[in-house]
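> The number in my numbering is simply the position in the sequence shown, starting from 1, with 251 added.
Take this structure, written in structure tokens, and hold onto it; I'll ask about it next.
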Amino acid sequence: MKLLNRFSLGIFASLIAFNAQAQQTTSYTYNAAGQVLTEDGPRTDVNDVTTHTYNAQGYVATTTNALNHITTFNSYDASGNLLNMTDVNGVVSEFTYHDRGWLSSSRVKHPTNSALDAVTSYGYDAVGQLTSTTLPNGVVLNYEYDDARRLKAIKNSLNERIEYTLDAAGNRTQQVIKNSSGTIKYSVLSVYDELSRVMKVLGNNNQQDKHNYDVNNNLTATTDGRNNQTQQIYDALNRVKKIIDPALGETQFTYNAQDQIKTVTDARGNITTYNYDGLGNLSSLVSPDTGTTTFTYDAAGNRLSQIDARGVVTSYQYDALNRITSIQYPAAPNENITFVYDGYLSGNKGIGRLVEISKTGLSVAYRYDHSGSVTQQTNTVNGISTQTSYSYDLAGNISQITYPSGRSVDYFYDAQGRINKITTKLGSAATQTLVNNIGYLPFGPATNFVYGNGLSYTQTFDTDYRLTAIQVGGILNRSYGYDPVNNITSIVNALSASNSQVFSYDSLNRLITASGSYGNLGYGYDAVGNRLSETRNGTTDTYIYPGTNNRLQQITRNSGNRNFTYDAAGNPQQRTAENNSTQTFTFNKTNRAETVSVNGALAATYTYNPLGQRVMKTLANGAKEIYHYDQAGQLIAVTDGAGTTVREYIYWGNQQIAFTNTIQGQTIAAQVLDEANVSFQGPHVIATTNAGYTGSGFIDYVGEGSASWSVNTPANTSYNLTLRYGLSGADRPLVLKVDGNTIATINFTSSPLWTTWKTKTVTLNLTAGQHNISLHTAGSSGPNIDKVDLAPANPVTTTSTSLYYVHSDHLNTPQVITNQNQQVVWMGDYEPFGKVAANANNNIEIFSRFPGQYVDLESGLYYNYFRDYDPSIGRYIESDPIGLEGGINTYAYVDGNPVVFIDPDGLEPFNPGMPSPDPMPNHPSRIQPAPPGEPTMYPDRPMSPWLPDPLTNPNGGCAPYFMVRSFFSREAVGLIPLSNWSESDCKVTCQYSGSIASGISFSGARNVTYKDYSKEYSFKKENCDDCD
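Following this line, the structure appears as structure tokens:
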């Protein structure tokens, strides 16, 4: 039986057994050799046929999808290995092989310049074990094996090593990371039982996770380093039916006959219900927080419609490749979203890729290079189109980002593919270094670097790669203490003891006490993490919730109760703010806050682009802020309604390292140059003998000398330089010089000497920047100089842009901002849940808070990408758009642990402080918008960027078929039979050499499941039982 026959029959059998009325039909035709010629998908509304052709040797020659996009497999060697292919964008990939058939190199050819071909090379030992990988940028990794052909070490060109200790069964009992000197920098131990089950995982500072199992090898209990145990109880089919947390809260699960979760009952007894149609598609979701949402699907499983608890109807349409083409809201057509794919004009390699997504007045368009990387992103907001451009090195690492203003940010890499320098430049201005001289732990995080203003940054780590200290010059110096489960228990501020902090946690690792400059805080929680109380220096606020959901109803407090009401989908309608004002919200069809009013008056209107990013805020006075994001979704610029830049943010990965602040329309004021800011040469005194002087006196020269001033002129323009002087003698000239050049000579020949102060004005053109103005006198007694006024000849306004450096904490939250002169211009004093105390010494506002958050002064909330966060109550005001995937409580912020976790996109917690050792920190992982396929339950969320697979272990895979799929569209483009494969290969080496190459990937047909955005392909082993 042919592989695809078996696949299709298996699908049909399972579906018919489930529901005889629900069937999907996919049809195949074959040639005389039994090879698939056509695959006709289940849809009848479009022609969803994929066609394959074969060459004379029986190898796949072309694959043509339903939109006539053709992938061509141009040539093979005598063993049937693919040598050359052309993808749907005309990009050619070439492959070479070892004599034994192992992939030696892959080359993605540049369309016009062979010097820019991206070549990845692989080395092997005599038995076919991968010994080296060389990426297109020259980064090399070497692999070492023991006598049992098990991987025992990974090494880079600095001789930094990841080493594995293996037991007799091949389990990794220890992993260590060593620097080039052989010193262990990281280690972790694992203990296994006789069945190779992990029993313990041990850190270096009393951390340990203990695991228990039942007779079916199900994990039944995990006990952490604080001796808190989580239990899992299973049903007869080995499905988790109950989880008992360390506080004895129980979360229960039920399933349908197809093992899909039917209900989730949380520890408060609230039930979330999932209902499915006959083909296993989710047909309704009943949530205690967001109400009932229903769904329908087409024959291919694409979602066709959704109706939420508010009655909002959403419909979806798809092309023949099952890519979404439109999202429509019949009650609000202005919110409809259109998707465009397959752009190829003007060299855009956009076939198979999203090239534009738009709604009324808003759009995002993409251009791609031959490797599938986004080279330009065009955003249209408020009638203004702006571009953000990207350049890459051969390995796909971003080398330059050009902001909408034209500012460029350049990234430089070391021999290990790690960033070692970042610079920026705007127009013709000089290049400014932002960070430089970056040092790293082996396969780990950065340890030190120098900011562009000369401040040095140092951070230290323990052998668990936990951050233990941060120091930035004399402005930031903190050390961190941890408990055995890696909760931060103390932050010691070496510069200010009163700003040190101490924390404690309950058995669920939720913050329960905190002390610092903010005083003493205490928090209480219910079984699912709703805050029940907050105690501040002895005064307690009480939080009240209904029994049927997690929507905060009221906070009782001495300064006045806070009340909250919601719509049917769990969005706030009206709420009492911390300052007792009443806030009223309206939400759009995608559950995003559209307006906020304060005490009945409109405060702001918010606009979102089709990706779900908030791109414009309009305040009550009509002023607008427009927001610009990079392809990773990070805010990079803020402009006003006319498109003029206000602020720009610059990042190193997820860490904000600098920002610019631009002040528009400042009128240039006159500068007064007098005895308070002068430099002298020659004998002089500051006198007060002649009345009518300005300031504290006047300059009285008693001999030959000069007075000079250093001034900064903010604009290129004409300036009036006015000298106010008095005579102390005749025939003593006074020479005026600017930057050493004589501008005017004043001769004094009149008497009497002191009748009044006199003035003389000279008009001169000066460029923007630093200048030296000086007055020179000769003789035994010179004139008296009261002051010099420097002012524009005509009123002039300027635009002033300043660059600032951001110094962050362990969460990458800004703590201190410095200017080019290392002066502190902003300092944040945070409470644990992100509330910032006002600092009277702050000269600017950065507007950034926890990563991904932006301050909205009009509401006191922090915009957090997909939701809005209220730091005064430590929770989101909307329910999580990904539901229980983000946690059992859909309103909670980072599960009640803001000291350790962050949530950059408002969806789920993330721990930035526990970096996983990464042998390839910048392996090509281009973030790009991808065809989304089936819409999610949060349809305005950005189409999830996908990351190309890491290098496939060549020891994997043992079967006569390999799947080829597009590296960038994730579309299966064919099956390649391996004519040189034999059962003996399977028995002896149990391997095949196919591994990922840019452009394609080979996946062994040995129990491999591959999912793309709309289909799932399962390939089972054939004739390979000896490999088990």
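Quick reminder that beta carbons are idealized off the backbone N, C-alpha and C, glycines included.
Below 8 angstroms on the Cβ atoms is my contact criterion, and I expect N687 with K672 to pass it. Report the Cβ-Cβ distance as a whole number of Å.
The pair is a contact, with the Cβ atoms about 5 angstroms apart (cut-off 8 angstroms).
> Would you call Y733 buried or exposed, if buried means 16 or more other Cβ atoms sit within 10 Å of its Cβ?
That one is buried.
> From I578 to N633, what distance separates their C-alpha atoms?
Cα-Cα distance, rounded: 21 angstroms.
> Using a Cβ-Cβ cutoff of less than 6 angstroms, which residues in the same chain neighbour Q568 once the five nearest sequence positions on both sides are dropped?
Around Q568: T576 and S577.
> Between the alpha carbons of L762 and V1145, how many angstroms are there, rounded?
Between L762 and V1145, the C-alpha separation is close to 11 angstroms.
> According to DSSP, is P584 helix, strand or coil?
Three-state result, P584: helix.
> Determine, using beta carbons only, whether S622 and V359 come nearer to each other than 8 angstroms.
Contact: yes.
> At which residues does the beta strand (DSSP E) containing E345 begin and terminate?
Note, E345: beta strand (DSSP E), V343 to Y348.
> Taking the C-alpha atoms as reference points, what is the distance between I739 and V753?
Answer to the nearest angstrom: the Cα atoms are 9 angstroms apart.
> Would you check if the distance between the CB atom of V515 and the CB atom of L1135 is smaller than 8 angstroms?
It is a contact, given that the beta carbons lie within the stated cut-off.
> Which residues does DSSP list as the beta-bridge partners of W1077?
BP columns for W1077 point to I1068.
> By how many angstroms is the C-alpha of T626 removed from the C-alpha of S357?
Straight-line Cα distance between these residues: approximately 23 angstroms.
> Mapping DSSP to helix, strand and coil, what is G1134?
Reduced to three states, the DSSP call for G1134 is helix.
> Give me whichever residues DSSP pairs with K429 in a beta bridge.
Looking at the DSSP assignment, K429 forms a beta bridge with R412 and I435.
> Quick one: using the 10 Å Cβ neighbour count with 16 as the cut-off for buried, is S344 buried or exposed?
Burial call: buried.
> Could you check what DSSP says for P1175 in three-state terms: helix, strand or coil?
Here the model assigns P1175 a pLDDT of 29, short of 50, so the residue's position is not dependable, and the following value carries that caveat. Three-state result, P1175: coil.
> Secondary structure at N750, three-state DSSP: helix, strand or coil?
Correct three-state label for N750: helix.
> Let me check one thing: in DSSP terms, what residues is W960 bridge-paired to?
Looking at the DSSP assignment, W960 forms a beta bridge with I1024.
> Can you give me the Cβ contacts of S961 inside the same chain, cut-off strictly under 7 angstroms, excluding the 5 residues immediately before and after it?
So the list reads Q1021 and N1023, once near-sequence residues are dropped.
> Considering just the uninterrupted stretch of the beta strand (DSSP E) at Y1037, what are its terminal residues?
Strictly speaking, residue 1037 in this sequence is Asp, with Tyr absent from that position. Here the beta strand (DSSP E) through D1037 covers N1035 to P1043.
> Would you kindly report the start and end of the unbroken beta strand (DSSP E) that includes N728?
L727 to Y733 is the span of the beta strand (DSSP E), which, as asked, contains N728.
> So which of L367, Q824 and Y305 has the shortest CA-CA distance to E845?
Of the listed residues, the one whose Cα sits closest to E845 is Q824.
> Could you tell me whether the stretch 721-730 touches the stretch 742-750, where touching means 3 or more Cβ pairs closer than 8 angstroms?
A contact exists between the stretch 721-730 and the stretch 742-750.
> Quick check for students: name the residue ranges of the beta strand (DSSP E) that lie wholly in the stretch 300-376, counting only runs of 3 or more.
The stretch 300-376 contains these whole beta strand (DSSP E) runs: 300-305, 311-315, 321-327, 333-337, 343-348, 354-359 and 369-375.
> Work out the CA separation of T481 and I502 for me, nearest whole Å.
At residue 502 the sequence reads Thr, which differs from the Ile that was named. Near 11 angstroms, if we compare the C-alpha coordinates of T481 and T502.
> E1096: buried (16+ other C-beta within 10 angstroms of its C-beta) or exposed?
So E1096 counts as exposed.
> Nearest-angstrom Cα distance between K451 and D757?
Approximately 23 angstroms between the Cα atoms of the pair.
> Going by Cα to Cα distance, which pick from F836, N1016, L1017 and I1036 is closest to A1280?
Not covered by the structure: residue 1280. The range shown for the chain is 252 to 1279.
> Going along the chain, which unbroken runs of the beta strand (DSSP E) with 3 or more residues stay wholly within the stretch 799-871?
Correct list: 805-807, 813-817, 823-827, 833-838, 844-849, 852-859 and 865-870.
> For a test of the three-state rule: what should DSSP assign to G594, helix, strand or coil?
Strand, per DSSP.
> Taking the CB atoms as reference points, tell me whether A399 and Y415 lie closer together than 8 angstroms.
Going by C-beta atoms, A399 is not nearer than 8 angstroms to Y415.
> Take V427 as the anchor and find which of L453, S597, L381 and R448 has the nearest alpha-carbon.
For V427, the nearest C-alpha among the options comes from L453.
> Quick check on DSSP: helix, strand or coil for V889?
Three-state DSSP puts V889 in a strand.
> What are the partner residues of I558, as DSSP defines its beta bridges?
The partner list for I558 (beta bridge, DSSP) reads T545 and V564.
> Since G1129 contacts N814 with CB under 8 angstroms, what's their CB separation in whole angstroms?
Checking the displayed sequence, the identity of residue 1129 turns out to be Glu instead of Gly. Going by Cβ atoms, the distance from E1129 to N814 rounds to 17 angstroms, so no, they are not a contact pair.
> Alpha carbon to alpha carbon, how far is N298 from P1205? Give it in angstroms, no decimals.
Any answer about P1205 is weak, because its pLDDT of 26 lies below 50 and its placement is not dependable; what the coordinates show is given next. Using only the alpha carbons, I get a separation of about 38 angstroms.
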